[in-house]
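Novice:
2 protein chains.
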Amino acid sequence: MIAEKMKELVSNSSVIRKMFEEGKQMAQIHGAENVCDFSLGNPNLAAPNTVNEALEAVIKEEDPVFLHGYMNNSGYEDVRNTVADSLNRRFQTNFTSESIVMTVGAAGGMNVAMKALLNPGDEVLVFAPFFGEYRCYASNVEAKLVIVPPNIPSFIPDAHILANYITPRTKMVIINSPNNPTGVIYPESTIIEIAKVLEEKQKEYSTEIYIFADEPYRELVYDETVKPPFITKYYDNTIVGYSWSKSLSLPGERIGYLAVSENIVDFKELMSALNVATRILGFVNAPSLQQRMIARCVDEVADLNFYKKNRDSLYYGLSEMGYTCIKPDGAFYLWVKTPIAKDTEFVDLAKKYLLLTVPGSAFGCGGYIRLSYCVSPETVQIALPKFNLLLEEIEG
Amino acid sequence: MIAEKMKELVSNSSVIRKMFEEGKQMAQIHGAENVCDFSLGNPNLAAPNTVNEALEAVIKEEDPVFLHGYMNNSGYEDVRNTVADSLNRRFQTNFTSESIVMTVGAAGGMNVAMKALLNPGDEVLVFAPFFGEYRCYASNVEAKLVIVPPNIPSFIPDAHILANYITPRTKMVIINSPNNPTGVIYPESTIIEIAKVLEEKQKEYSTEIYIFADEPYRELVYDETVKPPFITKYYDNTIVGYSWSKSLSLPGERIGYLAVSENIVDFKELMSALNVATRILGFVNAPSLQQRMIARCVDEVADLNFYKKNRDSLYYGLSEMGYTCIKPDGAFYLWVKTPIAKDTEFVDLAKKYLLLTVPGSAFGCGGYIRLSYCVSPETVQIALPKFNLLLEEIEG
Numbered sequence: 001m002i003a004e005k006m007k008e009l010v011s012n013s014s015v016i017r018k019m020f021e022e023g024k025q026m027a028q029i030h031g032a033e034n035v036c037d038f039s040l041g042n043p044n045l046a047a048p049n050t051v052n053e054a055l056e057a058v059i060k061e062e063d064p065v066f067l068h069g070y071m072n073n074s075g076y077e078d079v080r081n082t083v084a085d086s087l088n089r090r091f092q093t094n095f096t097s098e099s100i101v102m103t104v105g106a107a108g109g110m111n112v113a114m115k116a117l118l119n120p121g122d123e124v125l126v127f128a129p130f131f132g133e134y135r136c137y138a139s140n141v142e143a144k145l146v147i148v149p150p151n152i153p154s155f156i157p158d159a160h161i162l163a164n165y166i167t168p169r170t171k172m173v174i175i176n177s178p179n180n181p182t183g184v185i186y187p188e189s190t191i192i193e194i195a196k197v198l199e200e201k202q203k204e205y206s207t208e209i210y211i212f213a214d215e216p217y218r219e220l221v222y223d224e225t226v227k228p229p230f231i232t233k234y235y236d237n238t239i240v241g242y243s244w245s246k247s248l249s250l251p252g253e254r255i256g257y258l259a260v261s262e263n264i265v266d267f268k269e270l271m272s273a274l275n276v277a278t279r280i281l282g283f284v285n286a287p288s289l290q291q292r293m294i295a296r297c298v299d300e301v302a303d304l305n306f307y308k309k310n311r312d313s314l315y316y317g318l319s320e321m322g323y324t325c326i327k328p329d330g331a332f333y334l335w336v337k338t339p340i341a342k343d344t345e346f347v348d349l350a351k352k353y354l355l356l357t358v359p360g361s362a363f364g365c366g367g368y369i370r371l372s373y374c375v376s377p378e379t380v381q382i383a384l385p386k387f388n389l390l391l392e393e394i395e396g
Numbered sequence: 001m002i003a004e005k006m007k008e009l010v011s012n013s014s015v016i017r018k019m020f021e022e023g024k025q026m027a028q029i030h031g032a033e034n035v036c037d038f039s040l041g042n043p044n045l046a047a048p049n050t051v052n053e054a055l056e057a058v059i060k061e062e063d064p065v066f067l068h069g070y071m072n073n074s075g076y077e078d079v080r081n082t083v084a085d086s087l088n089r090r091f092q093t094n095f096t097s098e099s100i101v102m103t104v105g106a107a108g109g110m111n112v113a114m115k116a117l118l119n120p121g122d123e124v125l126v127f128a129p130f131f132g133e134y135r136c137y138a139s140n141v142e143a144k145l146v147i148v149p150p151n152i153p154s155f156i157p158d159a160h161i162l163a164n165y166i167t168p169r170t171k172m173v174i175i176n177s178p179n180n181p182t183g184v185i186y187p188e189s190t191i192i193e194i195a196k197v198l199e200e201k202q203k204e205y206s207t208e209i210y211i212f213a214d215e216p217y218r219e220l221v222y223d224e225t226v227k228p229p230f231i232t233k234y235y236d237n238t239i240v241g242y243s244w245s246k247s248l249s250l251p252g253e254r255i256g257y258l259a260v261s262e263n264i265v266d267f268k269e270l271m272s273a274l275n276v277a278t279r280i281l282g283f284v285n286a287p288s289l290q291q292r293m294i295a296r297c298v299d300e301v302a303d304l305n306f307y308k309k310n311r312d313s314l315y316y317g318l319s320e321m322g323y324t325c326i327k328p329d330g331a332f333y334l335w336v337k338t339p340i341a342k343d344t345e346f347v348d349l350a351k352k353y354l355l356l357t358v359p360g361s362a363f364g365c366g367g368y369i370r371l372s373y374c375v376s377p378e379t380v381q382i383a384l385p386k387f388n389l390l391l392e393e394i395e396g
């Protein structure tokens, strides 16, 4: 008797559950230390000490009615100010508390933005490969997800190809850089080209097209010279969605924000709509205690060196064996071409070696797998020879 | 360029904002101490000390990766167990961790339940007067809110009248007891009659009709002999939504749960759907730190005596003056008949006396106002003579 729309999602979810159970069984039979699970994007780093210290200080020092109480649905004004100031300092932007909405993580933020902007039938463009949950978020507001095919082998979007997919119903383009699942960071030239195409299409169709910049991985960057451009500086109709889930290793706490360009069309009306959407979708507001913590920790970042070491071991290790890998400049994912055409077949073969991976087809791009390297360095070391044996088996 | 559906909501929201600004202006002109604001349902009690102590202990004692990390979208298993045990102990029920979903407050929980169950066009029945946000939640899933008219003067629903409003498309009935805005607690006999009507209608139409028991005020009860019946014991197709916002004075923290009858139709499929809905609506999971706190504070309650004193002063005070009030057995609202027919007119008149109230028409029931008495006892004492003057003015 569940809703029609939920039926397929529930059955997909039971497939994932089955995979998870399968992994647990493997661990029982072969020992957990021999199973290399690269399937989960779950930070395995502790939050910086300063985060817990700030939480304790907030609880001790701040008035409990204020601390645990309701505030404006968009968040505490001082916290939004702190976030705005931090962004302005780091990216030479012009945000104020008025342009920030605190959100229940990045997923909450994207749902709020879609609710505020999209009408049923509106088109949301994503570049394959893409985070599969975008399908659900678009479906929540009856919008249509339109997939721009992958630009192989760079996996950097081609703005001219994008242009072919824009119609009068296009209202949003999702840009996710550093990218899940590829780890690729889109260069400034790409952002400039995309902005140009969107400006032209807005004029051509007399519509507004919004970029939603989904940036939970913004701080997870391994090369100081390859930082993701801050998109509000290139394109006015931009909403940036952020979460501290990865940068502070707080995924369970559900704390993030939306930052809206002050030059976006109908700025004030949109900010009201985001505020109302936060309320009526049932979030009401981002968790208050975590907001207070952010007021004290806005510029903290967890120790990314941990992920960088894993990235280097896996990327160079697998490449030397003969795997074709995309070098990830950010996030904690490695995108690997499967040496056999069918990615799901490769994922099944890999299980024989106790290697758990996710097929690229789950991200709208077959023929690849995603390895999530938020795992221990030991897991990487145990996994490398297994990947070698697997390749040898395939190549005969 | 915001979504069509948002336009009216944004304009309503600016009306509320205007009221809020008006209140601030009044405070500036007349002094904050002279303005009596009964408009906000925002707990003004501090959370019990044990809550902050538990938060500090959790931060100190528990592994930070676990504490701030992802868990099953339905919540930590031990926390769900603790909630189930607490309910079983208190209400002689049979919940297990499998029947509990931790939610981002009661609003989050209701949205998750509606997403899991409702198809576009399904009908959701509410008894007037009702919490206005239900309109938005039903609209989020394209369901149709059907209003059962108020049963004046008791404001206890009449099951026989309810029966006339049930159609083959009825899929949910919301029961909110203790009630916002009336403070009324529905007696056991009413719950039994409603259950009987719903059982009959399910048979008649070969449909399933779910009760959603919205119970954020369950612990706010002023008479030990008038406790709200636990509805899963009377009707199998029941989902209970709870929040600690009021009972622990934590409205900003967004922590609550759904408890599902083990005898509900398609129990396992529904639990999966609730789990998936939590994920895809963007909540992902209830805030992890607050879940860990609940594991230690599940049976704590803030000092309700505070509200009881306000209730008594207001209820007896206004009744003696000649106002017709519904005696609230629970929640922190007083429902008062307006001495002139038009409630909005009365609300405007009251402003002259610096009394801020909410018209009943905002809850689908004109001719009444709601006074929220989560205010200081001093505010009540200052307000009483003002209400008297107001009545004298009206009665000439």
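Just so you know, the protein sequences line up as chains Y and C, in that order. For the first sequence, UniProt numbering assigns the number 1 to the initial residue and increments by one for each residue that follows. For the second sequence, UniProt numbering assigns the number 1 to the initial residue and increments by one for each residue that follows. Note that CB positions come from ideal geometry on N, CA and C, so glycine has one too.
Any C-beta of chain C within less than 7 Å: which residues of the segment 253–272 of chain Y qualify?
Specialist: Going along the segment 253–272 of chain Y in chain order, one finds E253, R254, V265, D266, E269, L270 and S272 with a Cβ nearer than 7 Å to chain C.
Novice: Pairing CB atoms from the segment 322–329 of chain C with CB atoms from the segment 241–258 of chain C, are three or more of them under 8 Å?
Specialist: No: fewer than three Cβ pairs fall under 8 Å.
Novice: So who's on the other strand from C/T170, going by DSSP bridges?
Specialist: Paired residues: C/E123.
Novice: Closer than 9 Å by beta-carbon distance: list the chain C residues that pair up with Y/G23, in chain order.
Specialist: Residues of chain C passing the Cβ test: none, with the nearest at roughly 15 Å.
Novice: Can you find a CB in chain Y that lies within less than 8 Å of the CB of C/N119?
Specialist: Yes, because at least one Cβ of chain Y sits closer than 8 Å to the Cβ of C/N119.
Novice: Quick one: residues in its chain with C-beta nearer than 6 Å to the C-beta of Y/V124, no 5 flanking neighbours on either side, listed in chain order?
Specialist: Result list for Y/V124: A138, A143, L145 and M172, in chain order.
Novice: With 8 Å as the threshold, decide whether the Cβ of C/H30 is near any Cβ in chain Y.
Specialist: Answer no: the Cβ-Cβ gap between C/H30 and chain Y never drops below 8 Å.
Novice: In terms of residue numbering, what span does the alpha helix (DSSP H) encompassing Y/I191 cover?
Specialist: That run of the alpha helix (DSSP H) goes E188 to Y205.
Novice: Measure from the alpha carbon of Y/V35 to the alpha carbon of each residue in Y/L355, Y/L390 and Y/E378, then state which is nearest.
Specialist: Nearest option by C-alpha distance: Y/L355.
Novice: Which chain Y residues are close to C/Y70, counting only those with a beta carbon under 7 Å from its beta carbon?
Specialist: Here the neighbours are N42, P251 and G252.
Novice: With 16 other CB atoms within 10 Å as the buried threshold, where does Y/I152 fall?
Specialist: Label assigned to Y/I152: exposed.
Novice: Which bits of chain C does residue 435 of chain Y rub up against, with CB to CB less than 7 Å?
Specialist: Here chain Y comprises residues numbered 1 to 396, so residue 435 of chain Y is not present and cannot be evaluated.
Novice: Please decide whether C/E4 counts as near chain Y, where near means a Cβ-Cβ distance under 8 Å.
Specialist: Chain Y, which has a Cβ nearer than 8 Å to the Cβ of C/E4, makes this yes.
Novice: Please go through the same chain and pick out, in chain order, the residues whose beta-carbon is closer than 8 Å to the beta-carbon of C/L198, but skip the five residues on each side of it.
Specialist: Here the set comprises I166, V173, I209, I211, Y235 and N237.
Novice: Could you name the residues of the same chain whose beta carbon sits closer than 7 Å to that of C/G322, not counting the 5 residues immediately before and after it, in chain order?
Specialist: Same-chain partners within the cutoff: L391.
Novice: Taking only beta-carbon positions, decide if C/K115 is within less than 8 Å of chain Y.
Specialist: So, interface residue.
Novice: From the beta carbon of C/Q290, is the nearest beta carbon of chain B less than 8 Å away?
Specialist: The chain labelled as chain B is not found among the protein chains of the depicted structure, namely Y and C.
Novice: For chain Y, find out if any of its Cβ atoms is closer than 8 Å to the Cβ of C/M110; answer yes or no.
Specialist: With 8 Å as the cut-off, C/M110 counts as an interface residue toward chain Y.
Novice: Examine chain Y for any beta-carbon lying closer than 8 Å to the beta-carbon of C/I175, and answer yes or no.
Specialist: Not an interface residue.
Novice: What is the rounded straight-line gap between the Cα of C/N88 and the Cα of C/D78?
Specialist: Rounded to whole angstroms, C/N88 to C/D78 spans 15 Å at the Cα level.
Novice: Is DSSP giving Y/T50 helix, strand or coil here?
Specialist: Three-state DSSP puts Y/T50 in a helix.
Novice: Within 10 Å of its beta-carbon, does C/Q291 have 16 or more other beta-carbons around it, so buried, or fewer, so exposed?
Specialist: C/Q291 comes out buried.
Novice: Counting only Cβ pairs nearer than 8 Å, list the residues of chain C close to Y/N285.
Specialist: Within chain C, the residues near Y/N285 are G252 and R254.
Novice: What ranges does the alpha helix (DSSP H) occupy inside the segment 4–59 of chain C, keeping only unbroken runs of at least 4 residues that lie completely in it?
Specialist: Complete alpha helix (DSSP H) runs here, min 4: 4–30.
Novice: So with CB distances below 8 Å, who are the chain Y contacts of C/V276?
Specialist: Under the 8 Å cutoff, chain Y gives M6, L9, V10 and S13.
Novice: Rounded to whole angstroms, how far is the Cβ of C/T232 from the Cβ of C/S261, which I believe are closer than 8 Å?
Specialist: Contact flag correct, Cβ pair sits at about 4 Å.
Novice: Under 8 Å Cβ to Cβ from C/Q202, same chain only, skipping five residues before and after it: list those, please.
Specialist: If we look at C/Q202 and ignore the five residues flanking it on each side, its Cβ neighbours are E208, I209 and N237.
Novice: Does the pairing of the segment 335–343 of chain Y with the segment 353–368 of chain Y give three or more beta-carbon distances under 8 Å?
Specialist: The segment 335–343 of chain Y vs the segment 353–368 of chain Y: in contact.
Novice: Does the beta carbon of Y/A54 sit closer than 8 Å to a beta carbon anywhere in chain C?
Specialist: No, its Cβ sits nowhere closer than 8 Å to a Cβ of chain C.
Novice: Check the Cβ-Cβ distances between C/V83 and every residue of chain Y, and say whether any is below 8 Å.
Specialist: No, because no Cβ of chain Y sits closer than 8 Å to the Cβ of C/V83.
Novice: Within 10 angstroms of the Cβ of Y/S189, are there 16 or more other Cβ atoms? Answer buried if so, exposed if not.
Specialist: Flag for Y/S189 reads exposed.
Novice: Kindly say whether Y/A302, judged by its beta-carbon, lies nearer than 8 Å to any beta-carbon of chain C.
Specialist: No, no contact with chain C.
Novice: Sort out for me which residues DSSP pairs Y/K144 with in a bridge.
Specialist: Y/K144 pairs with Y/E123.
Novice: Please go through the same chain and pick out, in chain order, the residues whose beta-carbon is closer than 6 Å to the beta-carbon of Y/E193, but skip the five residues on each side of it.
Specialist: These residues qualify, in order along the chain: A159.
Novice: Rounded to whole angstroms, what's the CA-CA distance from C/K5 to Y/N119? Just pull it up for me.
Specialist: Distance between the alpha carbons of C/K5 and Y/N119: 8 Å.
Novice: Report all residues from its chain with a CB closer than 6 Å to the CB of Y/T96; omit the five preceding and five following residues, and keep chain order.
Specialist: Once the five neighbours on either side are set aside, the close Cβ partners of Y/T96 are A84.
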